[in-house]
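In what follows, a structure is listed as structure tokens, so that the remarks can point back to it.
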Amino acid sequence: MKGLVLKDIISFIKYFKNLYLLLILMIALSLSFTIFSDKFVIVGILMLFLFINFNSNLFIEDDHSGWLKFIKTNSHIKNSSLVLSRYISTISTTILGNSLFLILLLLHNQIYYTQTLKNSLIITGTTLGISLVYMILVIPFTYMFLQNGIIVLMIFLAVLVLVFKNLLDISIINKIFQFDNSLLLLFSALTIFSLFIVCYLLSLIIVKYKFKG
Numbered sequence: 013m014k015g016l017v018l019k020d021i022i023s024f025i026k027y028f029k030n031l032y033l034l035l036i037l038m039i040a041l042s043l044s045f046t047i048f049s050d051k052f053v054i055v056g057i058l059m060l061f062l063f064i065n066f067n068s069n070l071f072i073e074d075d076h077s078g079w080l081k082f083i084k085t086n087s088h089i090k091n092s093s094l095v096l097s098r099y100i101s102t103i104s105t106t107i108l109g110n111s112l113f114l115i116l117l118l119l120h121n122q123i124y125y126t127q128t129l130k131n132s133l134i135i136t137g138t139t140l141g142i143s144l145v146y147m148i149l150v151i152p153f154t155y156m157f158l159q160n161g162i163i164v165l166m167i168f169l170a171v172l173v174l175v176f177k178n179l180l181d182i183s184i185i186n187k188i189f190q191f192d193n194s195l196l197l198l199f200s201a202l203t204i205f206s207l208f209i210v211c212y213l214l215s216l217i218i219v220k221y222k223f224k225g
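Residue numbering for the sequence shown follows this note's numbering, starting at 13 and increasing by one per position.
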């Protein structure tokens with residue numbers, strides 16, 4: 013398990029050794045701190061999602077190299093270990109990305125005094141929750157559709173929103189946001205965990221039947 017997680021993290025870090033990518037990120041970061049300082053939060057969130065989306069490249073790399081079929085044919089590693097290790101590495105890099113975002117946000121606030129510490133923590137907590145939900149959902153779709161996984165997920169979510177827009181009572185959502193902070197945090201954590209269980213099991217089924225040795 014540790015070896016699989018380490019392999020994913022090393023592969024993830026490898027993408028940031030590209031000098032052109034680093035240059036683009038540095039330019040974007042510099043512009044967000046200077047010319048577009050009033051839009052720093054928006055630029056920072058876009059960069060955060062660009063950062064965590066590199067996780068999807070791991071699936072494409074595995075497919076091109078035949079990694080999953082090789083490991084399933086030549087080792088006794090269980091499907092559950094393969095899927096869980098990918099979730100652990102993905103969640104780890106997502107938390108890392110949000111930590112970097114918080115550091116940059118606090119640094120920006122020190123220079124421009126745009127946000128209070130409380131607001132910075134609320135913004136980062138919100139982006140952490142959304143990015144975790146996003147990456148948890150991405151994994152089964154990317155296992156199934158590889159490089160088209162994110163596109164299919166976006167279409168699926170758009171359809172889901174359209175369907176539930178008319179069915180879901182908006183007052184229920186308003187009541188949820190009126191919860192005490194601790195209750196809202198608990199509700200969010202339980203929702204993310206429940207989503208993780210569902211997506212983990214779905215990913216397990218996909219790996220079992222799609223990548224047979």
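Cβ coordinates follow ideal geometry from the N, Cα and C atoms, glycine included.
Contacts around residue i, its chain only, beta-carbon distance under 8 Å, and the 5 residues preceding and following it disregarded
i, result
"THR136", "ASN110, PHE113, LEU114 and LEU117"
"GLY161", "SER68, PHE71, VAL150, PHE153, THR154 and TYR155"
"LEU207", "VAL145, ILE148 and LEU149"
"SER132", "LEU114, LEU117, LEU118 and ASN121"
"TRP79", "GLU73"
Presumed contact (8 Å Cβ cut-off) between residue i and residue j, rounded CB distance
i, j, result
"TYR124", "ILE218", "Contact flag wrong, Cβ pair sits at about 46 Å."
"ARG98", "ILE148", "Actually they are not in contact, since the Cβ atoms of ARG98 and ILE148 sit about 11 Å apart, beyond 8 Å."
"SER104", "ILE21", "7 Å"
"ILE204", "VAL145", "6 Å"
"VAL17", "SER77", "Contact flag wrong, Cβ pair sits at about 18 Å."
"SER200", "GLY141", "5 Å"
"PHE61", "TYR27", "PHE61 to TYR27, Cβ: 15 Å. No contact."
Burial state of residue i (16 or more Cβ within 10 Å)
i, result
"PHE24", "buried"
"VAL175", "exposed"
"ILE64", "buried"
"SER143", "buried"
"THR46", "exposed"
"THR106", "buried"
"SER87", "exposed"
"THR128", "exposed"
"LEU139", "Per the sequence presented here, residue 139 reads as Thr, with Leu not at that position. THR139 is buried by the Cβ-count criterion."
"SER42", "exposed"
"LEU3", "Because the chain in this structure spans residues 13 to 225, residue 3 falls outside the shown range and cannot be described."
Chain-order list of residues whose beta-carbon lies under 7 Å from that of residue i (same chain, five-residue window excluded)
i, result
"ASN91", "LEU216, VAL219 and LYS220"
"PHE157", "VAL164"
"VAL95", "TYR212, SER215, LEU216 and VAL219"
Proximal residues to residue i (C-beta, below 6 Å), its chain only, five neighbours per side dropped
i, result
"HIS120", "PHE52"
"MET13", "SER93 and SER97"
"MET166", "none"
Taking only runs that begin and end inside the stretch 114-165, name each unbroken beta strand (DSSP E) of 3 or more residues, in chain order. none
For the stretch 58-90, which segments carrying the alpha helix (DSSP H) assignment without a break, of at least 4 residues, lie completely within its bounds, in sequence order? Secondary structure remark: continuous alpha helix (DSSP H) runs of at least 4 residues inside the stretch 58-90, in chain order: 67-77 and 79-86.
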